[in-house]
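For what it's worth, my numbering labels the leading residue of the sequence shown as 31, then goes sequentially. Structure first, then comments.
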Amino acid sequence: MTSDITAESGLLRFITCGSVDDGKSTLMGRLLYESGVLAQDHLESLTAESARRTGQDGTIDFSLLFDGLEAEREQGITIDVAYRYFTTARRSFIVADAPGHEQYTANMVTGASTADLAVVLVDAARGIVDQTRRHACLVGLLGVRRVVLAVTKMDLVGWDRERFQSIEAEFRDFADLIGLTRVVAIPLSGIQGNNVVRASGATPWYEGPTLLAHLETVDLDQTAAAQQPFRMPVQWVSRADNVRGYAGQIAAGTIKPGDRVVCQPSGRTTTVQRIVEFEGDRDAASAGSSTTLVLADEIDCSRGDVLSAAAQPAEIADQFEVTLFWMSRSDLIVGRSYWLRLGPTLVSAQVTNIKHRLDVNTLDKLAAKTLEMNAIGVCNLSVDRDIAFAAYAENRELGGFILIDRLTNATVGAGAIQFALTRSHTIRWQHLDISRETRAQALGQRPAVIWFTGLSGSGKSTLANKLESRLHAEGRHTYILDGDNIRHGLSHDLGFTEADRVENIRRVAEVARLMADAGLIVMVSLISPFRADREMARDRIEAGEFIEVFVDVPLQVAEERDPKGLYRRARSGEIANFTGIDSPYEPPKDAEVYIDTLAVTVEDGVASIIDTLKARGVLR
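Following this line, the structure appears as C-alpha cells:
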C-alpha cells in the first residue's frame with residue numbers, strides 16, 4: 031500500500047467501485063470517450079467490437095474500454111482491476127475500475143490501496159445494496175477520504191429528484207459512521223452521458239459539478255505528507271563507484287544533506303551526505319520521491335529498515351491492533367504463521383486474537399473465532415521482530431500491510447495498523463542506582479501483580495479488597511488498582527471502544543509494573559475481557575510475578591447481582607459494547623487461580639490466592 035500523496039503534482043489516482051451491474055465500466059468508458067482522450071484507431075476498434083457484440087452499427091459499448099479480459103466480456107462482469115491512464119487539460123488521472131461482484135472484493139482492495147479518491151456507484155433503480163456498503167467500508171478502512179457518490183442509471187427512474195435524494199441521504203448516514211465526510215453526490219447516466227462531462231438538462235434541480243469537473247478540481251492536499259517527520263523505507267542498498275547508497279521512496283517528510291537520520295529498528299544514527307537521483311545530486315527530496323541517500327557513516331542498515339528523522343523517529347513495536355480484510359477462500363486460523371509485508375519489510379506474523387468481526391451492513395461488532403473470505407475484523411497481530419511503522423491513518427505506506435501464505439505465497443489478507451500493543455524501543459532505559467531487588471528487600475517482601483479478571487458483578491473488587499486487608503494485617507505493602515477508580519484519573523480521557531479498552535489495560539499494566547518495581551504487591555481489578563490484552567499485561571511484568579485470578583460467575587447471576595445497574599442499561603440499549611451482552615468475554619485458559627463464586631466463599635477465595643502466593647514464594 032502506498033502513500034496518500036502522489037509523487038506527481040496534479041495526478042489523481044481514483045477507483046470506481048460498487049456492486050455488480052451498477053455501470054462502473056460503462057461510466058468510465060463514457061468519461062474517456064467524452065473527454066476526447068481516445069486515439070482514432072482505438073475509437074474505430076471500439077466501434078467495430080461494439081457492433082460485433084450488439085449487432086448494431088454506430089452504437090458504442092463503453093464498458094469495453096475497461097472489461098479487457100475475455101472472461102469478463104463473456105460473463106459481462108469485471109473480474110480484474112482494470113487501470114487506465116488519461117490526461118485532460120487540467121489534470122492527469124490513473125483510474126482503477128474494480129470488480130463489483132462479491133467474489134472479487136479482494137481485487138477491489140488492491141485498487142483502493144493506492145487511490146486518492148473513490149467513485150462509489152449506486153444503481154438508481156436498485157439503490158444501496160450490501161456490496162455498496164462493503165466497498166464503502168473498505169474505502170474508509172483503506173484511508174480514502176474523498177468520495178464521489180455516483181447515482182447511475184437515473185434515466186431508468188425518470189430522473190426522479192426524490193429518488194436521488196433518498197439514496198444520497200442513506201449513503202451519507204452510512205458514510206458518517208465509517209468516517210467518510212468528504213462526499214459529493216452526482217446524478218448521472220453512463221449510457222447517455224448525462225452529468226459525466228457535460229451538465230444535463232434532465233437534472234435542472236441539480237446544481238453541483240459534473241463528474242469530470244469534480245475530478246479535475248478536487249483538492250488533494252499534496253503537502254501534508256511532506257510536512258510530517260522524515261521516513262524512508264529502505265528498498266535496497268547499492269554500491270556504485272565505491273559509494274554505498276540507501277534507495278527507497280520517501281514515505282513522509284523532507285530530507286536535506288546535513289540532516290541527522292536514524293536507522294530503525296537498530297537505532298544507529300548518522301548524517302545524510304548526498305541525495306542522489308537519476309538527474310544527479312539534489313538539495314532536498316520530499317514525500318513521494320524515489321531517491322538514494324548517501325550517509326556519512328557505514329551503519330548497519332538493510333532492506334526493510336526505515337530511515338527516520340533522528341529527532342523524531344518512527345514508532346517501533348512487534349505487536350499491533352490491526353484492521354484486517356481477509357481475502358482467502360480458506361478461513362483465517364488464529365495462531366498460524368504468515369508472512370507480513372509492510373513496504374519492503376518482510377517478517378513472520380501471527381494473528382493472536384480476533385477481537386471482533388465487522389458487520390458491513392450495520393457496522394456492529396460481532397464476536398468471531400475466524401474470518402472468512404471478504405470478512406473484515408479487528409485483530410491483535412504479532413510479528414517476530416521489532417519493525418518501524420506508523421498508524422495507517424497517519425501514513426498509508428508505513429501502516430498498510432499484506433499477509434502472505436507461507437506455503438503458497440498467495441496474498442491472503444490486507445490490513446491497516448491502528449496502534450502498537452507493546453512499547454516502542456526507541457526509548458532506552460535509564461540506569462538507576464537502587465534496584466528493584468533492593469527496594470523489595472527494604473520492604474521485606476517479594477513483589478507481585480495479582481490480576482483479577484471476570485464479568486462485571488463477578489466479585490473481583492470484593493476479593494481484591496479482602497485480600498489486601500489480609501495482607502495489610504500481616505504487614506505487607508500493597509496497593510489496589512481498581513478499574514472504576516482508574517477511570518477517574520489515569521484513564522479519565524478514555525471511552526469504552528475496543529481501542530480505548532486496550533489503552534486502558536496498557537496504562538494499568540504499566541502502572542502495575544512500576545509499583546511491582548517499587549517492591550509492592552499490586553492487585554488489579556479489571557474486567558479485561560480479551561485474553562490477548564491480559565497476555566499483553568503479563569508480558570510487561572517480570573517473569574513469575576504475574577498471577578491471574580479468574581473470578582468466574584454465570585452471566586445470569588452477574589445480571590441478577592448488577593450492583594451498578596449496568597446490565598439493565600446494556601439490555602435496554604443505553605450502553606453499547608458491554609461485556610457479556612454485546613461484547614464477548616474470553617475466559618482465561620490457564621489462570622493461576624480459579625475462583626467459582628457460586629461454589630466458594632469470599633474467605634475461601636482469599637485463602638486460595640494466599641496459598642498460591644506462598645507456593646510461588648511471594649509470601650513466606
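Where is the CB? At the ideal position from N, CA and C, for every residue including glycine. Just so it is clear, the structure is predicted and the values come from calculations on it, not from any experiment.
How is residue i classed by DSSP in three states: helix, strand or coil?
i: Gly98; result: The predicted model places Gly98 with a pLDDT of 46, which falls under 50 and marks its position as unreliable; any figure quoted below should be read in that light. Of the three classes helix, strand and coil, the one that applies to Gly98 here is coil, per DSSP.
i: Gly275; result: strand
i: Ser296; result: coil
i: Arg654; result: Residue 654 falls outside the range modelled here, since the chain spans only 31 to 650, and no answer is possible.
i: Ala155; result: coil
i: Glu578; result: strand
i: Glu606; result: Note on residue identity: the sequence assigns Ala, not Glu, to residue 606. If DSSP states are grouped into helix, strand and coil, Ala606 belongs with coil.
i: Arg164; result: helix
i: Thr441; result: strand
i: Ala145; result: coil
i: Ile107; result: Annotation note: pLDDT 39 at Ile107 (below 50); position unreliable, no value reported.
i: Gly505; result: coil
i: His522; result: coil
i: Ser613; result: strand
i: Gln222; result: coil
i: Gly513; result: helix
i: Asp620; result: coil
i: Arg312; result: coil
i: Asn534; result: helix
i: Thr468; result: helix
i: Arg371; result: strand
i: Ser268; result: strand
i: Tyr63; result: helix
i: Ile216; result: strand
i: Arg228; result: strand
i: Asp127; result: strand
i: Arg307; result: What sits at residue 307 in the sequence shown is Glu, not Arg. Reduced to three states, the DSSP call for Glu307 is strand.
i: Leu433; result: strand
i: Phe44; result: strand
i: Phe116; result: strand
i: Arg453; result: Residue placement at Arg453 is flagged as unreliable, the pLDDT there being 49, under the threshold of 50; a coordinate-derived value is accordingly withheld.
i: Gln257; result: helix
So residue i packs on residue j, CB below 8 Å; how close in whole Å?
i: Thr627; j: Leu556; result: Their Cβ separation, rounded to whole angstroms, is 17 Å, which puts Thr627 and Leu556 out of contact at 8 Å.
i: Val181; j: Val149; result: The pair is not a contact, with the Cβ atoms about 11 Å apart (cut-off 8 Å).
i: Arg415; j: Val377; result: 6 Å
i: Lys496; j: Val636; result: 5 Å
i: Val352; j: Gln448; result: 6 Å
Using the rule of at least 16 other Cβ atoms within 10 Å of the residue's Cβ for burial, across every protein chain shown, is residue i buried or exposed?
i: Ser486; result: buried
i: Phe270; result: The residue you asked about is not Phe; residue 270 is Ala in the sequence shown. Under this definition Ala270 is an exposed residue.
i: Asp463; result: exposed
i: Trp481; result: buried
i: Ala199; result: exposed
i: Ile363; result: exposed
i: Leu370; result: buried
i: Thr322; result: buried
i: Ala444; result: buried
i: Asp563; result: buried
i: Gly546; result: Reading off the sequence shown, one finds Ala at residue 546, where the question assumed Gly. Burial call: buried.
i: Glu328; result: exposed
i: Val291; result: buried
i: Pro173; result: Note that residue 173 corresponds to Gly in the displayed sequence, not to Pro. Classification of Gly173: buried, given that the 10 Å Cβ count is 16 or more.
i: Lys644; result: exposed
Give me, in chain order, the residues of the same chain whose beta-carbon lies closer than 8 Å to that of residue i; leave out the 5 immediate sequence neighbours on both sides.
i: Thr642; result: Ile577, Glu622 and Val623
i: Thr508; result: Glu498, Leu501, His502, Leu550, Ile551, Val552 and Met553
i: Val390; result: Asp160, Arg163, Arg164, Cys167 and Ile406
i: Thr468; result: none
Report all residues from its chain with a CB closer than 6 Å to the CB of residue i; omit the five preceding and five following residues, and keep chain order.
i: Ala282; result: Ala255, Gln258, Arg261, Ala317 and Asn425
i: Gln265; result: Ala277, Gly278 and Pro374
i: Ala326; result: Thr300, Thr301 and Gln303
Can you find the residues in the same chain that come closer than 7 Å, C-beta to C-beta, to residue i, ignoring five residues on each side of it along the sequence?
i: Ala397; result: His386 and Pro614
i: Arg543; result: Arg570 and Ile571
i: Lys183; result: Gly53, Asp153, Ala154, Ala155 and Ser219
i: Gly513; result: Ser555, Leu556 and Ile557
i: Glu533; result: Leu524
When every heavy atom of the ligand ADP is checked, does at least one fall within less than 8 Å of the C-beta of residue i?
i: Val324; result: The ligand ADP is not part of this structure, which contains no ligands at all.
inquiry  = For the pair the region 304 to 317 and the region 331 to 341, tell me if three or more CB-CB distances fall below 8 Å.
reply    = no
key: Segment contact flag, the region 355 to 363 with the region 382 to 401, C-beta cutoff 8 Å, min 3 pairs   = yes
message = Using 8 Å as the cut-off, can you tell me whether the region 619 to 635 makes contact with the region 545 to 552, which would need three or more C-beta pairs spanning the two stretches below that distance?
response = Segments in contact, no.
query = Does the pairing of the region 594 to 601 with the region 497 to 505 give three or more beta-carbon distances under 8 Å?
reply = no
query = Does the region 151 to 159 come close enough to the region 116 to 124 to have 3 or more Cβ pairs within less than 8 Å?
reply = no
inquiry  = With three or more C-beta pairs closer than 8 Å as the rule, is the region 210 to 221 touching the region 54 to 61?
reply    = Taking a cut-off of 8 Å on C-beta distances, the region 54 to 61 touches the region 210 to 221, as three or more cross pairs fall below it.
key: the region 230 to 242 / the region 202 to 218 touching (three or more Cβ pairs under 8 Å)   = Touching, yes.
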